[in-house]
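At position 200 of the sequence shown (counting the first as 1) the number is 199 in numbering that gives the first Met the number 0, and the numbers step up by one without a gap. Heads up, the beta-carbon is just placed ideally off N, CA and C, and yes, glycines get one too.
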Amino acid sequence: MLNVVDDTVNPVEPFLRTDRMPHIWCPGCGIGTTVNSFARALIDSKIDLESLALVSGIGCTGRVAGYVKLDSFHTTHGRAIPFATGLKLANPKLNVVVYSGDGDLSAIGGNHLIHAARRNIDLKVICVNNLIYAMTGGQTAPTTPGHATTSTNPYGTFEPAFNLPHLVEAAGAVYVARWTTFHVRQLARSISEAFQKKGFSFIEVISPCPTLYQRRNKMGDGLDTMKYYKEKSKVKNGAPTSEVGLTLNGEIAVGKFVDRDRPDYQSMMRAQYVESLGDLYVEMTDPEEPEMECVCG
Ligand SMILES: Cc1ncc(C[n+]2csc(CCOP(=O)(O)OP(=O)(O)O)c2C)c(N)n1
Ligand code: SF4
Ligand SMILES: [Mg+2]
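Below is the structure:
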């Protein structure tokens, strides 16, 4: 376990690969702020770091995997959830966190997102939503609000955007929350709560990309965006997710929207096999105990 009680160092520093600093994120970017909340949630929830794995896809947010001093995997674009699913199935004792961008999770990875929620795979998904594909130059994403200006819609977007909390709730997620990078404590608390849940948990963090989204939409720098989040956010715990869609300049509903229980994928699988196979069903052994016999001939 890491020593996190030395008060001569910043409490989140032991969670970072400081040898990789300076990081690539621009001044005012919100991604680092989300990492701070994540590290504080790890401290607060006293989670065993030996049984934690973090998986990201590709994008500015995806770079988180390279900066955290954890078992972390920087996978391919849109494939963080299937990779994480494999980890969880192979070692059910792991706490598996998916940490990725809105584009990675809801565009190219959109199918994986809805099916992991439908199956209720026990994953904690942290989606940093900066409303665009940042790393590749600020293109329109499925999350970009109508009328926003992006590199691919210089005259404004006109496609309806995904309301991610509504999407994942409809697909079956058991825990759904949204905060902004202004809400650092609430975000840390939600991440800690998600660690207590068994099943598919989804936390959306609205986060500034001052270099691309904020600049093109004349929303100022990182600090201006914090003021904007403070002014526009309204805590609406338990709000119907159908009502929390985002607009270009409108209210940002934040809070815990969904907290419910239903059997997760592995519990359903076990129940089904016990029902069908009875005593013939043999629970998979711990992958660290090499006593599984090969039955494949
Ligand atoms: C298969 C594949 N398609 C496209 C890309 C190019 N690509 C890299 S990151 C990215 C979008 C990232 O957007 P998002 O997930 O929102 O992350 P952000 O950079 O905004 O944090 C794209 C399209 C890629 N790397 N691989
Ligand atoms: S391009 Fe945007 S999202 Fe990427 S590091 Fe810079 S500010 Fe952050
Ligand atoms: Mg993005």
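Own chain residues within Cβ distance below 8 Å of residue i, not counting five before or after
| i | result |
| --- | --- |
| Glu274 | none |
| Lys233 | Glu250, Ile251, Ala252, Val253 |
| Asp6 | none |
Alpha-carbon to alpha-carbon, residue j and residue i
| i | j | result |
| --- | --- | --- |
| Gly296 | Ile190 | The predicted model places Gly296 with a pLDDT of 45, which falls under 50 and marks its position as unreliable; any figure quoted below should be read in that light. The alpha-carbon atoms of Gly296 and Ile190 are separated by roughly 44 Å. |
| Gly384 | Phe256 | One cannot answer for residue 384 here, as it falls past the ends of the chain, which runs 0 to 296. |
| Val54 | Ala115 | 14 Å |
| Ala64 | Asn35 | 13 Å |
| Glu49 | Asn152 | 45 Å |
| Ala40 | Thr139 | 31 Å |
| Arg261 | Gly108 | 24 Å |
| Gly102 | Pro141 | 7 Å |
| Val204 | Gly277 | 44 Å |
| His22 | Thr210 | 15 Å |
| Thr179 | Ser206 | 6 Å |
| Pro81 | Val175 | 20 Å |
| Lys217 | Asn248 | 11 Å |
| Val11 | Asn94 | 19 Å |
| Ser113 | Asp258 | Reading off the sequence, residue 113 comes out as Ile, not Ser. Going from the Cα of Ile113 to the Cα of Asp258 covers about 17 Å. |
| Gly219 | Tyr272 | 56 Å |
| Ala79 | Lys229 | 31 Å |
| Leu130 | Gln195 | 28 Å |
| Thr148 | Gly137 | 9 Å |
| Arg19 | Asp70 | 15 Å |
| Ser266 | Val8 | 41 Å |
| Ala208 | Ile30 | For the sequence presented, residue 208 should be read as Cys rather than Ala. Going from the Cα of Cys208 to the Cα of Ile30 covers about 9 Å. |
| Thr348 | Gly155 | Because the chain spans 0 through 296 in this model, residue 348 falls outside it and cannot be assessed. |
Which listed residue (the options) has its alpha carbon closest to that of residue i
| i | options | result |
| --- | --- | --- |
| Leu88 | Asp103, Gly58, Ile120 | Ile120 |
| Leu166 | Gly219, Ala270, Arg184, His111 | His111 |
| Lys68 | Phe14, Gln213, Gly198 | Phe14 |
| Leu104 | Phe181, Lys123, Gly277, Lys92 | Lys123 |
| Lys231 | Ala38, Phe181, Gly108 | Phe181 |
| Gln213 | Ala133, Ser71, Ala38, Gly58 | Ala133 |
| Arg73 | Gly31, Leu93, Gly58 | Here the sequence assigns His to residue 73, which means Arg is not the residue at that position. Closest by alpha carbon: Gly58. |
| Leu186 | Phe201, Lys197, Ser241 | Phe201 |
| Asn128 | Arg259, Cys28, Asn94 | Cys28 |
| Pro159 | Thr148, Pro144, Thr17 | Pro144 |
| Arg269 | Gly61, Gly221, Met283 | Met283 |
| Arg16 | Tyr66, Gln271, Phe157 | Tyr66 |
| Arg177 | Glu242, Arg19, Met20 | Glu242 |
Nonlocal neighbours in the same chain, by C-beta distance under 7 Å from residue i, ignoring five residues either side
| i | result |
| --- | --- |
| Arg117 | Ala170, Gly171 |
| Val281 | none |
| Val298 | Since the first and last residues shown for the chain are 0 and 296, residue 298 lies out of range. |
| Ala238 | Ala252, Gly254, Phe256 |
Contacting residues, own chain, Cβ-Cβ under 6 Å from residue i (five flanking each side not counted)
| i | result |
| --- | --- |
| Gly244 | Asn162 |
| Thr240 | Pro164, His165, Glu168, Phe256 |
| Lys197 | Asp121, Asp263 |
| Ala235 | It is worth fixing the name first, because residue 235 is Lys in this sequence and not Ala. Answer for Lys235: Ala252, Gly254, listed in chain order. |
| Cys25 | Thr210 |
| Gly100 | Gly58, Thr60, Val127 |
| Tyr328 | The structure shown has nothing for residue 328, since the chain only spans 0 to 296. |
Test: residue i CB closer than 8 Å to a CB of chain D
| i | result |
| --- | --- |
| Gln185 | Of the protein chains in this structure there is only one, and it is not chain D. |
Any non-hydrogen atom of ligand 4 closer than 7 Å to residue i Cβ
| i | result |
| --- | --- |
| His111 | Here the bound small molecules are ligand 1, ligand 2 and ligand 3; ligand 4 is not part of this structure. |
Contact test: residue i Cβ vs ligand 3 heavy atom, cutoff 7 Å
| i | result |
| --- | --- |
| Asn9 | no |
| Gly100 | yes |
| Ile125 | no |
| Gly58 | yes |
| Tyr132 | yes |
Ligand 1 heavy atom lying under 7 Å from the CB of residue i
| i | result |
| --- | --- |
| Thr135 | yes |
| Ser71 | no |
| Thr151 | no |
| His76 | yes |
| Ile107 | yes |
| Asp223 | no |
Residue i beta carbon near ligand 2 (any heavy atom closer than 7 Å)
| i | result |
| --- | --- |
| Pro141 | no |
| Asn129 | yes |
| Leu88 | no |
| Trp24 | yes |
| Leu211 | yes |
| Ile30 | yes |
Say whether the stretch 215-232 touches the stretch 38-56, bearing in mind that this needs 3 or more beta-carbon pairs closer than 8 Å, one atom from each stretch. no
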